[in-house]
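Residue numbers (our numbering): 42 to 216. To keep things clear, I will list the structure first and then write my remarks on it.
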């Protein structure tokens, strides 16, 4: 499976295994050892089959998707994804003007069953692989940074209070 992108190396528990370009699925774990977090996001949602999901927020004509895991134990915040900084578009094709904008205020995600804030989280990240990254970056980027140019980010959650599991709470293409 692929290595963790650099911004997630401190908070993903990557399983042992060979390094290749297969998708990475790993739980989010704070360096303090805790695995329960409040998920913070810009507040925009969409309804699908009666269920709410966080989505890209349009704020003052600009689009944002920022996901932060706020540790319920030590209160450290871990930036899981900012569409303007991470993934293919945020890393390889970064719009410096958009990336320099102040990030929007974030609100907590509540369990849709019980309303609790604390969740266990797991991310799944897909990559186009090192060869595609090297070919597309025209030698302008460090070839070893290919995991930072991932093409898809997924986030699954499980409520720490009631156990409600939501697969693909976030399912976001970064290209």
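In this text, a Cβ means the ideal position worked out from N, Cα and C, and glycines have one as well. It should be emphasised that the depicted structure is a prediction, and the values quoted were computed from it without experimental measurement.
In angstroms with no decimal places, state the Cα-to-Cα distance between residue i and residue j.
i, j, result
"residue 81", "residue 138", "23 angstroms"
"residue 77", "residue 160", "5 angstroms"
"residue 50", "residue 88", "32 angstroms"
"residue 176", "residue 187", "11 angstroms"
"residue 119", "residue 196", "14 angstroms"
"residue 183", "residue 190", "11 angstroms"
"residue 136", "residue 164", "25 angstroms"
"residue 214", "residue 94", "15 angstroms"
"residue 84", "residue 62", "33 angstroms"
"residue 150", "residue 158", "6 angstroms"
What residue range is occupied by the uninterrupted beta strand (DSSP E) comprising residue i?
i, result
"residue 130", "Looking at the DSSP string, residue 130 is not in any beta strand (DSSP E), and its letter there is neither H nor E."
"residue 95", "92 to 95"
"residue 215", "Residue 215 -> no beta strand (DSSP E), and no H or E assigned at all."
"residue 157", "No beta strand (DSSP E) contains residue 157, which DSSP labels as neither H nor E."
Which residues bound the alpha helix (DSSP H) around residue i?
i, result
"residue 64", "Element bounds for residue 64: n/a, residue is neither H nor E."
"residue 202", "Per DSSP, residue 202 belongs to no alpha helix (DSSP H) and is neither H nor E."
"residue 191", "No alpha helix (DSSP H) contains residue 191, which DSSP labels as neither H nor E."
"residue 176", "171 to 177"
What does DSSP give as the partner residue(s) for residue i in the beta ladder?
i, result
"residue 99", "104"
"residue 118", "111"
"residue 87", "94"
"residue 163", "68, 197"
"residue 206", "199"
Within 10 angstroms of its Cβ, does residue i collect 16 or more other Cβ (buried), or is it exposed?
i, result
"residue 72", "exposed"
"residue 128", "buried"
"residue 124", "buried"
"residue 91", "exposed"
"residue 209", "exposed"
"residue 64", "exposed"
Taking 8 angstroms as the threshold, find out whether the stretch 55 to 68 comes into contact with the stretch 199 to 206 through three or more Cβ pairs. no
Count Cβ pairs between the stretch 168 to 176 and the stretch 136 to 155 that sit closer than 8 angstroms; are there 3 or more? no
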